[in-house]
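First the structure, in the form of structure tokens, and then the observations on it.
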């Protein structure tokens with residue numbers, strides 16, 4: 001099974017190498033058209049856990065998301081679907097079909113004629129499909145949907161924040177790599193290799209590029225760095241979020257909010273002995289801090305799928321700006337800010353409790 | 001000895017909670033306690049029977065046992081048997097007894113049947129345990145029993161007149177001034193430990209320089225002797241978070257090694273290899289042992305590390321650099337203006353008036369400012385930073401937090417607090433603008449059809465557009481309903497808001513529709529162009 005797939009891949013490459021002129025013409029056609037093909041945009045999909053609900057809400061079968069094969073006519077004919085249905089789902093107009101047929105010329109006709117004669121054979125059809133689905137090459141099974149690529153684990157890397165006796169492996173998903181090579185970070189092959197703990201090869205990172213190309217990711221060449229390299233660049237998302245959780249736990253257990261709250265209350269009461277006024281001010285502060293904490297917890301930036309998220313609604317304009325901050329810190333900044341806000345809330349709560357004890361003592365006396 | 005001296009002697013050292021009370025509120029009778037320094041402590045110390053130290057405490061400790069420095073074992077220190085064994089319970093040698101400690105005779109430890117016992121009132125004990133001094137606790141004990149009967153209200157009110165003043169003013173101006181004038185010696189390292197553990201070099205210093213509240217306090221965090229070679233660089237190692245092309249070297253000082261070997265982490269030799277970035281080879285083992293031997297850092301062979309976090313492998317300089325980078329990212333990428341505006345809108349939508357919102361935000365600004373001040377005036381001891389102390393128990397709290405996070409927690413918290421302060425201050429400005437009649441600047445509008453992220457998926461972008469469309473539609477409906485001036489229509493507005501809140505909180509988002517069906521909807525607002533949908 002795997003050997004056949006490898007043979008098919010080699011055949012595709014051979015055919016592609018021999019037909020350079022035709023590929024150039026096809027690329028020109030794609031650039032000229034305003035609407036790029038559907039499968040080129042498949043690379044931009046978010047992790048699968050965000051697509052599952054959206055995917056099932058679409059009122060048509062998922063297998064129809066696959067791109068057309070060598071024109072709509074061949075695809076619809078092979079799947080035995082009427083032409084009207086394909087137009088409705090794929091939003092393809094008849095003039096475009098004519099244009100494609102006309103611009104193809106004799107080359108495309110010669111390419112399609114023998115395949116249409118053998119339409120009954122499944123092996124020939126799979127061969128035809130693989131030739132057109134060049135960006136997506138699967139070795140496991142043909143039934144795997146392209147939507148599942150982004151949620152898959154590309155590799156596991158050893159953690160940088162582990163002691164000798166506790167080595168931890170963190171999972172790096174395809175979507176994470178996609179986010180790292182995209183804005184705002186725009187990592188190149190060299191930096192990406194450092195993040196994935198890969199050694200530099202003599203071929204200039206060709207192996208890494210090829211492996212990413214199989215997944216549909218295009219890694220640009222050159223020294224392209226839009227963002228400054230910080231200490232957080234070397235961390236993967238799961239590791240950064242794990243560190244944030246550890247920090248939140250330390251803030252919860254080791255940060256002495258009680259003593260700080262009591263001390264602040266004593267100093268403020270020494271300046272202004274109005275207890276009721278102070279208590280009211282603290283309650284107001286607690287409310288504002290709660291609103292701020294709730295707002296920050298509504299961040300829905302796509303991150304590693306191994307981290308539960310809060311799915312509360314948020315203004316898209318706010319989300320757009322919060323995502324820059326979250327992507328730059330790989331998820332640490334948001335969780336850490338929430339943890340610190342929780343400690344502030346605890347301080348305020350302890351202050352209110354202390355004032356309540358003082359007030360009750362005064363009332364009793 | 002007479003009965004009047006018995007309660008104060010027991011309360012001075014038998015209860016750990018009273019020590020905390022001393023730290024929080026320096027007692028007014030410090031002059032009388034200082035006179036007892038002339039008594040020879042070693043002679044009286046030998047007469048303490050081992051069995052007396054295990055007696056139950058009169059006042060329970062009101063702190064959780066599991067927390068680090070608050071779970072200090074009082075009996076362990078004052079037990080004659082354990083005190084004679086070197087290294088028991090400590091990483092280093094046990095500290096000597098405080099000079100100010102006064103140990104009474106053996107006869108005074110016998111319980112007397114006539115001693116008044118306070119009633120078991122939990123609330124009152126909580127108040128006593130935190131606020132009042134040991135002497136005041138026993139002075140108020142007879143009054144406590146009188147407070148139970150309503151007939152004695154008149155007599156208690158007359159007797160409690162000075163206590164009311166102390167309750168209303170927990171810290172007097174004089175005490176605040178004394179606290180501010182706390183002198184910190186910059187030259188010597190480990191200032192806080194200096195006052196707890198007198199070193200060989202500092203034995204000749206007079207006892208008058210030791211602040212009274214800290215003479216009785218012993219914490220395991222500082223159970224390491226102070227030496228003059230704390231700032232000596234023991235090793236230079238590579239960082240753990242370098243990207244390709246950026247190499248970084250960090251220094252490990254002797255004091256840092258002592259802090260890692262001490263509480264609360266108690267690293268063993270195996271963990272130090274990781275700290276030194278060395279493998280467990282003969283040369284590395286000899287190197288680590290040499291460092292420990294030269295600088296006289298004691299370490300038990302079978303000691304295990306108690307707390308392991310993600311910050312354990314980090315050096316202090318590295319953790320500080322990590323916090324610094326996060327601070328720069330926050331300054332550059334955190335949308336303060338947008339968050340402030342959104343927060344203000346939420347506060348106003350929850351039924352608050354503009355004046356109330358302004359007051360709330362002002363109070364929050366004051367609270368956060370106070371917290372920031374407590375952080376800015378203090379700097380726990382880490383490599384490359386000058387230690388700053390204020391002279392109260394908050395120094396210990398922040399020091400412990402800094403120890404566990406290897407110096408990351410303090411600057412990171414300070415950075416976050418400053419960000420919150422900026423957000424709240426911005427919200428105050430926006431609120432004042434609205435009060436003055438000025439209109440707020442609208443957020444940057446998103447270009448129709450443009451994705452917020454270059455790699456955003458189509459489905460997610462459609463969902464994002466739908467949410468934006470729904471929000472605009474809701475705003476238009478609200479504007480239409482606000483134009484109507486009838487009372488009945490105001491009720492409809494209220495119901496609409498309730499329905500909107502209920503709908504947004506409980507119901508999941510609507511399922512996505514194909515573009516053909518979306519085009520059939522009536523265009524109340526301009527729908528984004530069809531180029532967005534690539535189906």
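Chains as they are written, first to last, in full-length UniProt numbering: chain R, 1 to 365; chain P, 1 to 535.
Glycine included, every Cβ here is placed at the ideal spot set by N, Cα and C.
Shown here, residue 434(P) sits in a helix according to DSSP, grouped into three states. For residue 243(P), the nearest beta carbon of chain R is closer than 8 Å to its own beta carbon. In this model, residue 379(P) and residue 405(P) are separated by some 14 Å (Cα to Cα). Secondary structure at residue 158(R): strand, using DSSP grouped into helix, strand and coil.
For residue 318(R), the chain P residues whose C-beta falls within less than 9 Å of its own C-beta are 335, 338, 339, 341, 342, 443, listed in chain order. Residues of chain R with a Cβ closer than 7 Å to the Cβ of residue 394(P) are, in chain order, 259, 260, 263.
Closer than 8 Å to the CB of residue 257(P) there is not a single CB belonging to chain R.
Boundaries for residue 207(R): no beta strand (DSSP E) harbours it, while the alpha helix (DSSP H) harbouring it runs 206-214, taken from the DSSP string.
One finds 284, 285, 287, 288 in chain R with Cβ atoms closer than 8 Å to the Cβ of residue 360(P), taken in chain order. Contact between residue 318(R) and residue 339(P) holds: CB atoms are separated by about 7 Å, below the 8 Å threshold. Between the alpha carbons of residue 158(R) and residue 197(R) lies a distance of about 8 Å.
Below 8 Å, too few C-beta pairs join the segment 373-387 of chain P and the segment 226-244 of chain R to call them touching: fewer than three. Within its own chain, the residues whose Cβ lies closer than 7 Å to the Cβ of residue 155(R), once the five positions on either side in sequence are excluded, are 172, 196, listed in chain order. For residue 252(P), the uninterrupted beta strand (DSSP E) segment begins and ends at 249-253.
By the rule that beta-carbons nearer than 8 Å mark a contact, residue 160(R) touches chain P.
Residue-level contact by beta carbon holds for residue 416(P) and chain R, with a gap shorter than 8 Å. When Cβ-Cβ separations below 8 Å define contact, residue 312(P) makes contact with chain R. The residue among 279(P), 434(P), 239(P), 249(P) with its C-alpha nearest the C-alpha of residue 358(P) is 434(P). Residue 207(R) has a beta carbon lying at 8 Å or more from every beta carbon in chain P.
The DSSP-derived three-state label of residue 234(P) is strand.
Using a CB distance cut-off of 8 Å, residue 281(P) does not count as an interface residue toward chain R. Between residue 151(R) and residue 305(R), the beta carbon gap of about 6 Å places them in contact (Cβ cut-off 8 Å). Residue 212(R) does not reach chain P, its nearest Cβ partner there being about 14 Å away, counting only Cβ pairs nearer than 8 Å.
Against chain P, the beta carbon of residue 254(R) has neighbours under 7 Å at 68, 400, 401, 404, listed in chain order.
Excluding the 5 residues flanking it on each side, residue 418(P) has same chain C-beta neighbours closer than 7 Å at 372, in chain order. As the crow flies, the alpha-carbon of residue 312(R) is around 24 Å from that of residue 284(R).
Contact between the segment 319-330 of chain R and the segment 246-254 of chain R is not established, with fewer than three Cβ pairs separated by less than 8 Å. By the C-beta density criterion, residue 274(R) is exposed, having fewer than 16 other C-beta atoms within 10 angstroms. Among the bridge pairs identified by DSSP, residue 171(R) is matched with 156(R). Not flagged as an interface residue toward chain R: residue 268(P), since no C-beta distance is shorter than 8 Å.
In the DSSP annotation of this structure, the continuous segment of the alpha helix (DSSP H) that includes residue 297(R) starts and ends at 275-297. For the options 273(P), 409(P), 354(P), 470(P), the alpha carbon positioned closest to that of residue 431(P) is the one of 354(P). Put simply, of 315(R), 234(R), 254(R), 153(R) the residue whose alpha carbon is nearest the alpha carbon of residue 248(P) is 234(R).
Taking the C-beta atoms as reference points, residue 360(P) is found nearer than 8 Å to residue 347(P).
The beta carbon of residue 248(R) sits no closer than 8 Å to any beta carbon of chain P.
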